[in-house]
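Colleague:
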Amino acid sequence: MRFFYAPNACSIGIHVVLEEIGKPYEPAPLDFKNNAQYEPAYVAINPKSKVPALLRDDGTLLTEYPVIAMWLARSNPEAGLVPTDLEGQTRCAEFLDYVCGTVHPQAFTRQSRPGRFALRSEDEPAIVAQGRELAVKYLGVIDAGWRGETWVLPSGYSIADSALFFIEHWAARRFGIPLPPRLAAHFAAMLARPAVRRTLELEGLPT
Amino acid sequence: MKLYYAPGACSVGIHVLLEEIGAPYEAVLVNLREGAQFKPEFTGVNPKSKVPTLERDDGTVLTEYPAIAFWLASRFPTAGLMPMGMEAQARALEFTDYGVATMHMQGFSRMFRPANFAPTEADHEAVKARGAEIFGKGLALMDKALEGQDWLVGSYSFADSALFYLCFWWNARLNKDLPANVAGHFARMKARGAVQRVMAAEGLA
Chain A
1 MRFFYAPNAC SIGIHVVLEE IGKPYEPAPL DFKNNAQYEP AYVAINPKSK VPALLRDDGT
61 LLTEYPVIAM WLARSNPEAG LVPTDLEGQT RCAEFLDYVC GTVHPQAFTR QSRPGRFALR
121 SEDEPAIVAQ GRELAVKYLG VIDAGWRGET WVLPSGYSIA DSALFFIEHW AARRFGIPLP
181 PRLAAHFAAM LARPAVRRTL ELEGLPT
Chain B
208 MKLYYAPGAC SVGIHVLLEE IGAPYEAVLV NLREGAQFKP EFTGVNPKSK VPTLERDDGT
268 VLTEYPAIAF WLASRFPTAG LMPMGMEAQA RALEFTDYGV ATMHMQGFSR MFRPANFAPT
328 EADHEAVKAR GAEIFGKGLA LMDKALEGQD WLVGSYSFAD SALFYLCFWW NARLNKDLPA
388 NVAGHFARMK ARGAVQRVMA AEGLA
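Line by line, the protein sequences are chains A and B. Numbered as in my numbering, the first sequence ends at 207 without a single skipped number. Numbered as in my numbering, the second sequence ends at 412 without a single skipped number.
And the structure:
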């Protein structure tokens, strides 16, 4: 299995899932700063030019964060990373969709890549400010809708937690956005997991 | 069940799934033009202020298009909307996620609401063009996936409802051409009784 990622991108959440599972995989980092995702060699593998992407042992590629996470969890049931009942799986999918479809692209892409929104540099500060405002709002929605105890889902630790982790990691460590209480406790619990510490080390980030 | 929808919004795809299933549901219109999604009556149901929102018979609320589609297809297996096997299910979710999170939210949103992207009005045409480019790239990927088959994952599934609403926006609302295989898919969708009932119910026929 070949795992395409960019250090400190949202793929860090899938990196955590792979480390939790603990089976061998081949890490394939892409240099986003040099636009490696648009190089023909990668476009031939993944025409969407995105990470995370997972090239499986049968040679087929899987894309879209929620799908990769769900597939890894379901094909490695012994790791216990996704609920086994329909309700739990649905709530898990709902959480992943919100994080990957709204929180990341609306709030955090505005802050990390304002040039994808504003077409002139003088507009960029307003986009960054708007992204920060949205991040605070979305983190509040997650905090208010919290269903679990330590972890996102009431059934325990799951792939929903590694998705929330990349958001918390960006908010707290890249953009200095304070985390609401439940999320702050969740982030601390994530940082205490050996799989998370290994992932941060592998991506060259402080633990 | 109660589906909160806005006529012609992406919720039309979930509306189609409910018609395919045929279990009783109530369709509740949320007037997005008047900002009803931000009023307490609706934020009390869904604090994210988005449609589609599905209130289930036990009173719990489900949000996010792919999650609602996944739940409906799993909960009502006789409708045959959930593909058999983990691999086909993963692919169906992959198409749905890409359609909703990239083609819709990155592509179409740029075309439909450029002010949400660039504050300077003079840039809006360029934002729209970028949106059309993202959407067009997505259509090309969908077209390739449909090569030699009628539906996205082989048999008809919940993923086809997502491609349907995207085609409806692109072709019926914006009058833009669809690539050949996607055009065939759109025609097959429009021929389905469930789709025709939804178009009439939302006043889009």
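For glycine and all other residues, C-beta sits at the position ideal for the given N, C-alpha and C.
How close, in whole Å, do the beta carbons of V164 (chain B) and V219 (chain B) come, if the pair is a contact with beta carbons under 8 angstroms?
Modeller: The requested residue 164 (chain B) is not part of the displayed model; chain B covers only 208 to 412.
Colleague: Quick one: does W278 (chain B) have its CB under 8 angstroms from some CB of chain A?
Modeller: In the second sequence, residue 278 (chain B) corresponds to position 71, counting from 1. It does: the Cβ of W278 (chain B) has a partner Cβ on chain A nearer than 8 angstroms.
Colleague: Looking at chain A, is there any beta carbon in it that lies within less than 8 angstroms of the beta carbon of F319 (chain B)?
Modeller: Taking the first residue of the second sequence as 1, we reach residue 319 (chain B) at position 112. False, the Cβ-Cβ gap to chain A never drops below 8 angstroms.
Colleague: Give me the residue from B:F342, B:F283, B:M291, B:A299 with the minimum Cα distance to H311 (chain B).
Modeller: Residue 311 (chain B) sits at position 104 when you count from the first residue of the second sequence. Answer by Cα proximity: B:F342.
Colleague: If the cut-off is 7 angstroms on Cβ atoms, which residues from the segment 101-129 of chain A count as contacting chain B, listed in chain order?
Modeller: Residues passing the 7 angstroms Cβ filter: G101, P105, F117, A118, L119, R120, D123, A126.
Colleague: Any idea which residues DSSP pairs G156 (chain A) with across the strands?
Modeller: The sequence position of residue 156 (chain A) within the first sequence is 156, counting from 1. Partner(s): A:L153.
Colleague: DSSP state of F3 (chain A), grouped into three classes?
Modeller: Locating residue 3 (chain A) in the first sequence gives position 3, where the first residue counts as 1. Of the three classes helix, strand and coil, the one that applies to F3 (chain A) here is strand, per DSSP.
Colleague: CB L370 (chain B) to CB M349 (chain B), shorter than 8 angstroms?
Modeller: For the purposes of this step, residue 370 (chain B) is taken as residue 163 along the second sequence, with counting starting at 1. For the purposes of this step, residue 349 (chain B) is taken as residue 142 along the second sequence, with counting starting at 1. A contact, by the Cβ cut-off of 8 angstroms.
Colleague: Based on Cα-Cα distance, which residue from B:S281, B:G215, B:H222, B:E248 lies nearest to S368 (chain B)?
Modeller: Numbered from its first residue, the second sequence carries residue 368 (chain B) at position 161. With distances taken between CA atoms, S368 (chain B) lies nearest to B:H222 out of B:S281, B:G215, B:H222, B:E248.
Colleague: Tell me, please, whether the CB atom of S75 (chain A) is closer than 8 angstroms to any CB atom in chain B?
Modeller: Numbered from 1 along the first sequence, position 75 holds the residue referred to as residue 75 (chain A). For S75 (chain A), the answer is yes, since a Cβ of chain B falls inside 8 angstroms of its Cβ.
Colleague: Cα-Cα, which of A:Q111, A:S75, A:G148 is closest to R182 (chain A)?
Modeller: Within the first sequence, residue 182 (chain A) is the residue found at index 182, counting from 1. For the residues A:Q111, A:S75, A:G148, the minimum Cα distance to R182 (chain A) belongs to A:G148.
Colleague: Quick check on Y98 (chain A) - is its C-beta less than 8 angstroms from some C-beta in chain B?
Modeller: Locating residue 98 (chain A) in the first sequence gives position 98, where the first residue counts as 1. So yes, Y98 (chain A) belongs to the interface.
Colleague: Using C-beta distances below 8 angstroms, list every residue in its chain close to R298 (chain B), excluding the 5 sequence neighbours before and after it, in chain order.
Modeller: Sequence index remark: in the second sequence, residue 298 (chain B) carries index 91 (1-based). Here the set comprises P290, L359, V360, A366.
Colleague: Please classify Y167 (chain B): does DSSP put it in a helix, a strand, or coil?
Modeller: The structure shown has nothing for residue 167 (chain B), since chain B only spans 208 to 412.
Colleague: If we ignore side chains and look at the alpha-carbon of each, how far apart do M406 (chain B) and I45 (chain A) end up?
Modeller: Start at 1 with the first residue of the second sequence, and residue 406 (chain B) comes out as number 199. Start at 1 with the first residue of the first sequence, and residue 45 (chain A) comes out as number 45. Distance between the alpha carbons of M406 (chain B) and I45 (chain A): 38 angstroms.
Colleague: So M70 (chain A) contacts chain B; which residues on that side make the cut at Cβ distance below 8 angstroms?
Modeller: Within the first sequence, numbered from 1, the residue matching residue 70 (chain A) stands at position 70. Identification of chain B residues near M70 (chain A) by a Cβ-Cβ cut-off of 8 angstroms yields A297, L300, ordered along the chain.
Colleague: Three or more beta-carbon pairs under 8 angstroms between the segment 379-393 of chain B and the segment 321-334 of chain B, yes or no?
Modeller: no
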